[in-house]
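Below is one structure, written out as structure tokens, with a few remarks after it.
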Amino acid sequence: MMTVRLLTYDGRQYLMPTLLTWTVRRTGSVPADELEVAAVYDGELQEVLPDVYRFAAYQDDELILRGVVDEYEVEASGEGLLLRLAGRGMAALLLDNEAEAATYQQATTAEILRTHVTPWGISCQQWRDMQMLNYRVTSGSSQWKALSDFTSRAGGFTPWFTAAGELVVEPLAGSGARRVIDGTAPVLSCIRREKRYGIISQVLIRDRNQRVMQTVENSAFIRRGGARRQVLYMPGGSTYGAVRYTGNYQIEKSQEGARQTELTLSGAFSASPGDIAELSYEPLKLYGVYDVVEAVTRGGSGGETTTLTMEER
Numbered sequence: 001m002m003t004v005r006l007l008t009y010d011g012r013q014y015l016m017p018t019l020l021t022w023t024v025r026r027t028g029s030v031p032a033d034e035l036e037v038a039a040v041y042d043g044e045l046q047e048v049l050p051d052v053y054r055f056a057a058y059q060d061d062e063l064i065l066r067g068v069v070d071e072y073e074v075e076a077s078g079e080g081l082l083l084r085l086a087g088r089g090m091a092a093l094l095l096d097n098e099a100e101a102a103t104y105q106q107a108t109t110a111e112i113l114r115t116h117v118t119p120w121g122i123s124c125q126q127w128r129d130m131q132m133l134n135y136r137v138t139s140g141s142s143q144w145k146a147l148s149d150f151t152s153r154a155g156g157f158t159p160w161f162t163a164a165g166e167l168v169v170e171p172l173a174g175s176g177a178r179r180v181i182d183g184t185a186p187v188l189s190c191i192r193r194e195k196r197y198g199i200i201s202q203v204l205i206r207d208r209n210q211r212v213m214q215t216v217e218n219s220a221f222i223r224r225g226g227a228r229r230q231v232l233y234m235p236g237g238s239t240y241g242a243v244r245y246t247g248n249y250q251i252e253k254s255q256e257g258a259r260q261t262e263l264t265l266s267g268a269f270s271a272s273p274g275d276i277a278e279l280s281y282e283p284l285k286l287y288g289v290y291d292v293v294e295a296v297t298r299g300g301s302g303g304e305t306t307t308l309t310m311e312e313r
């Protein structure tokens, strides 16, 4: 049974009335985890709701998601009074707050956390010690971008959040449980998806001061007929290695999520982001090991389902 506790800015807690419908979207990273619930409206909450700023969602007393309340609405109709509430995971605090432009001569994980994470009330107990020379946070960047750009460039991964809302500066893939999904699993549907739109075939990099031009190509995509060029302007005097890295980074980012499998199963919380799924699905000839990158669980009078988005290893 799904329950949601609401927390006000001054420390009061309230249990929402019995939920009619609910959706929990877990990514662990960005876009931020999401919660959407609907319940019969209790008039006693009228004075409470304007003060609510955090939520905690539980499934049979197990914490599923803690986060920030974004909005609520109360609807009156022929069917009675209905309360709807929506919120996001704690990543929202880093996404919604802008960082000051800065250049770090030698950025470290500890310094990035101290500057861009801790001030927003987010705890981080698990983090990888990394460093990077001449790391820049550009004007207009969110606190999340300041953090995730650093971890992507220094360590090659994106940080993530636990269900309790704690930040983990370690790779998400493979951090969870190992699941077997075969002919005995309660599979309701399966979709195999591949996209070409948005994938970069070539990065053209210009050095404005030295008037030097270099290219980095996505050879595999070009062989398949792909054509989407991006032009970047690098600061004068950038090294060849930095240019190559920037080009390859843009290409790799453009290919994220290009091939995905979406599996819907009966039941709640069949898996979580970070889990590894051993998939054997005969109708679409899908066999292999996959990383779960998103899990959406929905519940209501019709029962509970979980939709997993997975990428093959």
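Start counting the sequence shown at 1; every next residue gets the next number (this note's numbering). By construction, the Cβ of each residue, glycine as well, lies at the ideal position given by its N, Cα and C atoms.
I need the DSSP call for residue i, collapsed to helix, strand or coil.
i, result
"G267", "coil"
"D149", "helix"
"G247", "helix"
"G28", "coil"
"G299", "strand"
"T309", "strand"
"A173", "coil"
"I200", "coil"
"Q125", "strand"
"T184", "coil"
"R228", "coil"
Could you give the C-beta distance for residue i and residue j, rounded to a whole number, given that I count them as a contact under 8 Å?
i, j, result
"A271", "A277", "6 Å"
"L94", "S139", "With a Cβ gap of about 17 Å, L94 and S139 do not count as contacting."
"A92", "V137", "Wrong, their Cβ atoms sit about 19 Å apart, outside the cutoff."
"E194", "R153", "Contact flag wrong, Cβ pair sits at about 28 Å."
Could you tell me which of the options sits nearest to residue i, measuring between CA atoms?
i, options, result
"V68", "D51, L279, E79", "D51"
"S175", "E294, T27, D275, R298", "D275"
"L284", "T215, V187, A92", "V187"
"A38", "G11, L49, Y72", "Y72"
"P273", "A173, D70, E111", "A173"
"V212", "A227, V231, I222", "V231"
"E111", "G288, L147, S266", "L147"
"R12", "V48, M2, E34", "V48"
Opposite residue i in the DSSP bridges: which residues?
i, result
"G87", "L35, V69"
"W322", "Outside the shown range of the chain (1 to 313) lies residue 322, about which nothing can therefore be said."
"G80", "S77"
"A102", "V137"
"W22", "V37, G299"
"I191", "E262"
"D291", "I276, E311"
### Message
When you compare the stretch 300-309 with the stretch 162-172, are there three or more beta-carbon pairs, one atom per stretch, that lie closer than 8 Å?
### Response
no
### Query
Is it true that the stretch 188-206 meets the stretch 109-124, where meeting means three or more beta-carbon pairs spaced less than 8 Å apart?
Contact between the stretch 188-206 and the stretch 109-124 is absent, because fewer than three Cβ pairs lie under 8 Å.
### Query
Is the stretch 125-138 close to the stretch 245-257, with three or more CB pairs under 8 Å?
no
#### Entry: At least three beta-carbon pairs within less than 8 Å, the stretch 23-41 to the stretch 292-303
yes
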